[in-house]
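There are 2 protein chains.
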Amino acid sequence: MNALDLSTEDGSATQRAYRRLRHMIVTGDLRPGEKLKIEVLRKRLDTGASPIREALSLLTSDKLVDRIDQRGFRTAEVSVRNFKEILLLRCTLEDVALRQSIAHATQEWEENIVLAHHRMQRAKATGLAAFEDLHKVFHMTLLSEAPSPILLQFCSQLYDLNIRYRYLAGSGLNYQDRDVNEEHTGILDAAVARDADLASERLMSHYTLTGAYLSGLVGEAANL
Amino acid sequence: MNALDLSTEDGSATQRAYRRLRHMIVTGDLRPGEKLKIEVLRKRLDTGASPIREALSLLTSDKLVDRIDQRGFRTAEVSVRNFKEILLLRCTLEDVALRQSIAHATQEWEENIVLAHHRMQRAKATGLAAFEDLHKVFHMTLLSEAPSPILLQFCSQLYDLNIRYRYLAGSGLNYQDRDVNEEHTGILDAAVARDADLASERLMSHYTLTGAYLSGLVGEAANL
DNA sequence: AAATGGCAAATAATCGATATTTTCCGCAGG
DNA sequence: CCTGCGGAAAATATCGATTATTTGCCATTT
Numbered sequence: 487m488n489a490l491d492l493s494t495e496d497g498s499a500t501q502r503a504y505r506r507l508r509h510m511i512v513t514g515d516l517r518p519g520e521k522l523k524i525e526v527l528r529k530r531l532d533t534g535a536s537p538i539r540e541a542l543s544l545l546t547s548d549k550l551v552d553r554i555d556q557r558g559f560r561t562a563e564v565s566v567r568n569f570k571e572i573l574l575l576r577c578t579l580e581d582v583a584l585r586q587s588i589a590h591a592t593q594e595w596e597e598n599i600v601l602a603h604h605r606m607q608r609a610k611a612t613g614l615a616a617f618e619d620l621h622k623v624f625h626m627t628l629l630s631e632a633p634s635p636i637l638l639q640f641c642s643q644l645y646d647l648n649i650r651y652r653y654l655a656g657s658g659l660n661y662q663d664r665d666v667n668e669e670h671t672g673i674l675d676a677a678v679a680r681d682a683d684l685a686s687e688r689l690m691s692h693y694t695l696t697g698a699y700l701s702g703l704v705g706e707a708a709n710l
Numbered sequence: 487m488n489a490l491d492l493s494t495e496d497g498s499a500t501q502r503a504y505r506r507l508r509h510m511i512v513t514g515d516l517r518p519g520e521k522l523k524i525e526v527l528r529k530r531l532d533t534g535a536s537p538i539r540e541a542l543s544l545l546t547s548d549k550l551v552d553r554i555d556q557r558g559f560r561t562a563e564v565s566v567r568n569f570k571e572i573l574l575l576r577c578t579l580e581d582v583a584l585r586q587s588i589a590h591a592t593q594e595w596e597e598n599i600v601l602a603h604h605r606m607q608r609a610k611a612t613g614l615a616a617f618e619d620l621h622k623v624f625h626m627t628l629l630s631e632a633p634s635p636i637l638l639q640f641c642s643q644l645y646d647l648n649i650r651y652r653y654l655a656g657s658g659l660n661y662q663d664r665d666v667n668e669e670h671t672g673i674l675d676a677a678v679a680r681d682a683d684l685a686s687e688r689l690m691s692h693y694t695l696t697g698a699y700l701s702g703l704v705g706e707a708a709n710l
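So this is what it looks like as structure tokens:
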């Protein structure tokens, strides 16, 4: 069983509810700011109130859900401001993490990135739905040697918050064919070459470009 | 009602349990790695199982509690490695936050810091227990104008993780009289003068010194 | 003596029901 | 016409009990 395997059916009722709710929020199935009534979700996921409640508590950690004491839960609001904050923070934190990761690079790590990159490319080419997951794996693998689990966890969390905007902007998968492939390959090459400055520069540019593109869409799509 | 008021008795049972458990973990009343049995806590806090359970879920977000599916909760482990990671991350993030905060400084902010500083000093002088809280308020106020709530939340979380080590190292309050007062005043002055470089330098130095001092203690005290 | 299998106790997770709180709506008074 | 005040309806929070899972122990086997 893989820690990154998000699809499976096992685990406690709480875990299942957590995964499903998380997916629904990230993909926009549950709209931003939407009230999350226990009763409604209970029926929808066909489980008891307790697991729902706990799952929502967990999602609060991920900042995908807001809890208001005594008046329940709702999905986190979105805003252009929030989107930009996430983008900027990602740049700041991933720059640090990437440099640390490259500084601690190993052969195995190098191979992991190459592999992650290949899998991502293949999924994209074949239009597989798993692409989104593999894309995250690629990015997190880049950072994975940074000896700072908390930092990595922050990056992962910000990644998820960001991807939610990608879905909300519609066309979850359509990168408007700016050449994203090439950007990824560029980052990969620089990382494998252990060139921290170049890799970081490319990564930042990758985020900034994607961000600028999305920023416009986010505004209209969610009409903020 | 103040968002920073941690003492009160009101709110839901969950909130009360959350505050009390949090305090117990941070102050070391519940030891690192200790198993947190619902039944035991239920009696100790005189409340039902549900609030305990939810409070523990919330504490998981704060990384003060680890949850292991199907086998309950335990307080987060500590280690010198983890301590150093927190220290380093705080330096990285607070440097960013402080510079942003100073860049957005207002008159009101300036007055808030002066006030926070004064209250902290007074509490220290009179040996008040509230000192720890006011110390946190002072540090967070320094950062408070940074237009990045997520970043501030990370800083707050790291602050709490760090202070836990202070308690664990024993002598929660004894700063060994390295002149901490003077360090605080120095940071205050630089911030009020809007000198971001100087303020940041002093803040980092403040953390690094405290960290170096604690680092030794943490090792012995918790015998890691 | 060490390993294995399988009870029994302990503990966690979940459920269904109750208590508490908020929300919503209509009505009286200004 | 707006504002504020009940009071029912809805929703949340909490409890007590039940179910499922894990853990610890001891007999049995090799």
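If you're matching them up, the sequences are chains Y and B in order. Residue 540 in the numbering used here sits at position 54 of the first sequence, and the numbers go up by one each step. Residue 676 in the numbering used here sits at position 190 of the second sequence, and the numbers go up by one each step. A virtual CB, placed ideally from N, CA and C, is assigned to each residue, including glycine.
What's the C-alpha gap between R650 (chain Y) and F569 (chain B)?
The alpha-carbon atoms of R650 (chain Y) and F569 (chain B) are separated by roughly 32 Å.
message = 8 Å is my cut-off, CB to CB: does D555 (chain Y) come that close to chain B?
response = By this cut-off, D555 (chain Y) is an interface position.
Checklist entry - Nearest to E520 (chain Y) by alpha carbon, out of Y:A562, Y:T513, Y:S686? => result Selected option, being the one with the closest Cα: Y:A562.
Cβ-Cβ distance between Q556 (chain B) and P633 (chain B) below 8 Å: No, the pair does not count as a contact, with Cβ atoms beyond the cut-off.
ask   = Contact check, E669 (chain B) vs R688 (chain B) under 8 Å by CB: the rounded distance?
value = Indeed they touch by this definition, with Cβ atoms about 7 Å apart.
Review point. Going straight from the alpha carbon of G702 (chain B) to that of Q643 (chain B), what length do you get?
Key: CA-to-CA, the gap between G702 (chain B) and Q643 (chain B) works out to about 23 Å.
- Message: Pull the bridge partners of T627 (chain B) from the DSSP assignment, please.
- Response: Looking at the DSSP assignment, T627 (chain B) forms no beta bridge with any residue, so it has no partner.
- Message: Can you check whether the C-beta of E596 (chain B) is within less than 8 Å of a C-beta belonging to chain Y?
- Response: Chain Y, which has no Cβ nearer than 8 Å to the Cβ of E596 (chain B), makes this no.
Sequence-distant residues of its chain with Cβ nearer than 7 Å to L629 (chain Y) (five each side left out):
Apart from the 5 residues on each side of it in sequence, L629 (chain Y) sits with its Cβ closer than 7 Å to the Cβ of E580, A583, L584, S587, L638, C641 in its chain, given in chain order.
(request) Kindly say whether L573 (chain Y), judged by its beta-carbon, lies nearer than 8 Å to any beta-carbon of chain B. (result) False, the Cβ-Cβ gap to chain B never drops below 8 Å.
At what residues does the beta strand (DSSP E) containing V551 (chain Y) begin and finish? Per DSSP, V551 (chain Y) belongs to the beta strand (DSSP E) from 551-553.
Residues sharing a beta bridge with F640 (chain B), DSSP:
According to DSSP, residue pairing for F640 (chain B) in a beta bridge does not occur.
Residue-chain proximity (E580 (chain B), chain Y), Cβ-Cβ < 8 Å
Under the 8 Å criterion on CB atoms, E580 (chain B) is classed as non-interfacial with respect to chain Y.
Tell me whether R608 (chain B) sits in a helix, a strand or coil according to DSSP, three-state version. In the displayed model, R608 (chain B) falls within a helix according to three-state DSSP.
- prompt: Does the distance from the C-beta atom of L674 (chain B) to that of V564 (chain B) stay below 8 Å?
  reply: It is not a contact, given that the beta carbons lie outside the stated cut-off.
Check: Candidates B:D552, B:A541, B:S691, B:A535: which alpha carbon is nearest G497 (chain B)'s?
Finding: It is B:A541.
Worksheet item: Would L637 (chain B) count as contacting chain Y if we go by Cβ distances under 8 Å?
Response: At least one chain Y Cβ lies under 8 Å of L637 (chain B).
For A510 (chain Y), which residues from the same chain have a beta carbon less than 8 Å from its beta carbon, with the 5 sequence-adjacent residues on both sides left out? Reading off the sequence shown, one finds Met at residue 510 (chain Y), where the question assumed Ala. L516, listed in sequence order.
message = If we define contact as Cβ-Cβ less than 8 Å, is L544 (chain B) a contact residue for chain Y?
response = Yes, its Cβ sits closer than 8 Å to a Cβ of chain Y.
Below-8 Å beta-carbon distance, F640 (chain B) vs any chain Y residue: Yes, F640 (chain B) counts as interfacial toward chain Y.
DSSP state of R680 (chain Y), grouped into three classes? Residue state, collapsed to three classes: coil.
- Query: For T694 (chain Y), which of helix, strand or coil comes out of DSSP?
  - Reply: In the three-state scheme derived from DSSP, where H, G and I count as helix and E and B as strand, T694 (chain Y) is classed as helix.
(Q) Relative to the C-alpha of R575 (chain Y), which candidate in B:P635, B:A589, B:E631, B:M626 has its C-alpha closest? (A) Note that residue 575 (chain Y) corresponds to Leu in the displayed sequence, not to Arg. Of the candidates B:P635, B:A589, B:E631, B:M626, the one whose C-alpha sits nearest the C-alpha of L575 (chain Y) is B:P635.
- How far does the alpha helix (DSSP H) with T561 (chain Y) in it reach, from first residue to last? For T561 (chain Y), there is no enclosing alpha helix (DSSP H); the enclosing beta strand (DSSP E) has its first and last residue at 559-561.
* **Boundaries of the alpha helix (DSSP H) in which A615 (chain Y) is found, first to last residue** => Element bounds for A615 (chain Y): n/a, residue is neither H nor E.
_Let's test the definition: count the other Cβ atoms within 10 Å of the Cβ of A685 (chain B) and tell me whether it reaches 16, buried, or not, exposed._
A685 (chain B) is buried by the Cβ-count criterion.
*Shortest alpha-carbon distance to C577 (chain Y) belongs to which of Y:R553, Y:V526, Y:Y645?*
When only C-alpha atoms are compared, the closest one is Y:Y645.
### Message
Cutting at 6 Å between CB atoms, please list the residues of its own chain near H538 (chain Y), excluding the five before and the five after it.
### Response
According to the sequence shown, residue 538 (chain Y) is Ile rather than His. Closer than 6 Å at Cβ, skipping near neighbours: A503, I524, L527, R528.
Partners in chain B for Q501 (chain Y), counting only beta-carbon separations shorter than 8 Å: Within chain B, the residues near Q501 (chain Y) are D555.
Can you tell me which of B:R560, B:L573, B:A616, B:V678 puts its alpha carbon nearest to the alpha carbon of P518 (chain B)?
-> The residue from B:R560, B:L573, B:A616, B:V678 with its alpha-carbon nearest to that of P518 (chain B) is B:R560.
Give me, in chain order, the residues of the same chain whose beta-carbon lies closer than 7 Å to that of K622 (chain B); leave out the 5 immediate sequence neighbours on both sides.
Closer than 7 Å at the Cβ level, and outside the excluded window around K622 (chain B), lie Y645.
Margin query: Using beta carbons (cut-off 8 Å, strictly below), is G558 (chain Y) in contact with chain B?
Written below: No, its Cβ sits nowhere closer than 8 Å to a Cβ of chain B.
| message | Between which residues of its own chain and A591 (chain B) is the CB-CB distance below 7 Å, once the five residues before and five after are set aside? | response | Sequence-distant partners of A591 (chain B) (beyond 5 residues in either direction) whose C-beta falls short of 7 Å from its own C-beta, in its chain, are E631, R680.
Practice item. Below 6 Å CB to CB, which residues in the same chain sit around L522 (chain B) once its five sequence neighbours on both sides are set aside? Key: Apart from the 5 residues on each side of it in sequence, L522 (chain B) sits with its Cβ closer than 6 Å to the Cβ of F559, R560 in its chain, given in chain order.
Would you list, in chain order, the members of the segment 671-692 of chain Y that have their beta-carbon closer than 8 Å to a beta-carbon of chain B? Answer set for the segment 671-692 of chain Y: empty.
Report task. Rounded to whole angstroms, what's the CA-CA distance from H603 (chain B) to E594 (chain B)? Just pull it up for me. Result -> About 14 Å.
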